[in-house]
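Beneath this line is the structure, given in structure tokens, with notes to follow.
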Amino acid sequence: MKITQKGHSNIQEIDFNNLKFGATFSDHMLICKHKDGKWGEAEIMSYQPLPMMPGTQVFHYGQSVFEGMKAFKTDQGKVLLFREEDNFNRLNKSAKRLCIPEIPKEIFMDGLHEILNLDSEWVKQGDNFSLYIRPFIFASGQCIKATISDEYTFMIICSPTTTYYEGDMQVKIEQKYTRAVKGGTGAVKAAGNYAASFYATKLAREKGFSQIIWTDAENHEYLEEAGTMNVWIRIDDTLITPKLSDTILGGITRDSVVQLAKDMGIEVEERAISISELKEAHQNGRLKEAFGTGTAVSVIFIGSITLDENKMQFPKQVDSYARKLKANLTAIQHGKIADNHGWTTEVESSVASH
Ligand SMILES: Cc1ncc(COP(=O)(O)O)c(C=O)c1O
2 MKITQKGHSN IQEIDFNNLK FGATFSDHML ICKHKDGKWG EAEIMSYQPL
52 PMMPGTQVFH YGQSVFEGMK AFKTDQGKVL LFREEDNFNR LNKSAKRLCI
102 PEIPKEIFMD GLHEILNLDS EWVKQGDNFS LYIRPFIFAS GQCIKATISD
152 EYTFMIICSP TTTYYEGDMQ VKIEQKYTRA VKGGTGAVKA AGNYAASFYA
202 TKLAREKGFS QIIWTDAENH EYLEEAGTMN VWIRIDDTLI TPKLSDTILG
252 GITRDSVVQL AKDMGIEVEE RAISISELKE AHQNGRLKEA FGTGTAVSVI
302 FIGSITLDEN KMQFPKQVDS YARKLKANLT AIQHGKIADN HGWTTEVESS
352 VASH
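Numbering-wise (the numbering used here), the sequence shown opens with residue 2 and increments by one.
Dropping the structure here:
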């Protein structure tokens, strides 16, 4: 790996308490190209613009996949990565679906650790802080024919973050637009999925909602995801989240929460949730909580769910499962309690030759 360290860090200019999510970048980035059928040498350099021709394929056909993962700092100053292997595997699952060459594990892991080693100061201590890491691969060949590219670029960039959303989410059940269809790309992180989801989200925001709950494409009757998060409800004392399918992204936070809830003795069901069941549970006073899970937010409370003109509100739970799960997850991520599932990895000091 070739490393050119940035001469002067601009970290002193950053107000870490007032970060806009995803808009500030750390000092370094990683870049590695796939040409003539193979991945070349990865390079780390200062965060900088990319020279690209207008005919670059990603601009035209969106052949691009990405990941979102986080690093946290312990009270002892160590940098911990959360479930890096799962993000690596999911990136390659997405790549395969989009006909993008898979990234070798060594390039991904060595690059990830090296960049975090260089930018470790960007991972701040404290429960509200983390460094959001964005690995991505895009078609960087030049050709405006709608076809698979013959060149790809893999990159890693990092963005320091504080709490993502303030307060509870007020969500609306979406029954017109669709995020994912059977046989489509909803179960992978293809860039185009997100571009296609913005319009419905924009309309909902204009009506004062913070997010939408996507429903199935056929009948708009089953809950799928909450924006770019997996969705959860609690009926009585059972937590329910939609079963994974090819229209739902297998969230790593979702998987962690399933495990943590089971560890806490909470009953978890992964199965279809219909709107009728939701309505009925609410009418009977059995719908106790709803929340979303995702890397950016960890666990976030849903304060109300609106279906047409009908707003279902959730009173604050004294023994909120969402609160306990969030606290447990945050404690594991920051190395404050035992990581019984081997989810965290300490960033190694320099793994590559300079
Ligand atoms: C569509 C979608 N669903 C769910 C998630 C949550 O996944 P994770 O917990 O791995 O961040 C994400 C974020 O990656 C997403 O984009």
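Even for Gly, the Cβ is constructed at its ideal location relative to N, Cα and C.
Quantities reported herein were computed from a predicted structural model and do not represent experimental measurements.
| query | result |
| --- | --- |
| 6 angstroms Cβ shell around residue 117 - same chain, five flanking residues per side excluded | 72, 80, 348 |
| Residue 200 classed as buried or exposed, judged by whether at least 16 other C-beta atoms fall within 10 angstroms | exposed |
| Presumed contact (8 angstroms Cβ cut-off) between residue 344 and residue 83, rounded CB distance | 6 angstroms |
| For residue 30 and residue 5, believed in contact at Cβ under 8 angstroms, the rounded distance | Incorrect: roughly 11 angstroms between the Cβ atoms, too far for contact. |
| Simplified DSSP assignment, three categories, for residue 302 | strand |
| Limits of the unbroken beta strand (DSSP E) element including residue 137 | 131 to 140 |
| Contacts around residue 108, its chain only, beta-carbon distance under 8 angstroms, and the 5 residues preceding and following it disregarded | 33, 40, 43, 155 |
| Enclosing beta strand (DSSP E) for residue 226 [first to last residue] | 224 to 227 |
| Segment contact flag, the stretch 264 to 280 with the stretch 98 to 114, C-beta cutoff 8 angstroms, min 3 pairs | no |
| Length of the line joining the Cα atoms of residue 178 and residue 28 | 39 angstroms |
| For residue 164 and residue 227, the rounded distance between their alpha carbons | 18 angstroms |
| Supposed contact pair residue 136 and residue 60 - C-beta distance, whole angstroms, cut 8 angstroms | 20 angstroms between Cβ atoms; not a contact. |
| Neighbourhood of residue 3 by C-beta, 7 angstroms cutoff - its chain only, sequence neighbours within 5 removed | 42, 44 |
| Beta-carbon proximity list for residue 20, same chain, < 7 angstroms, skipping 5 on both sides | 161, 162, 163 |
| Backbone secondary structure at residue 153 - three-state DSSP | strand |
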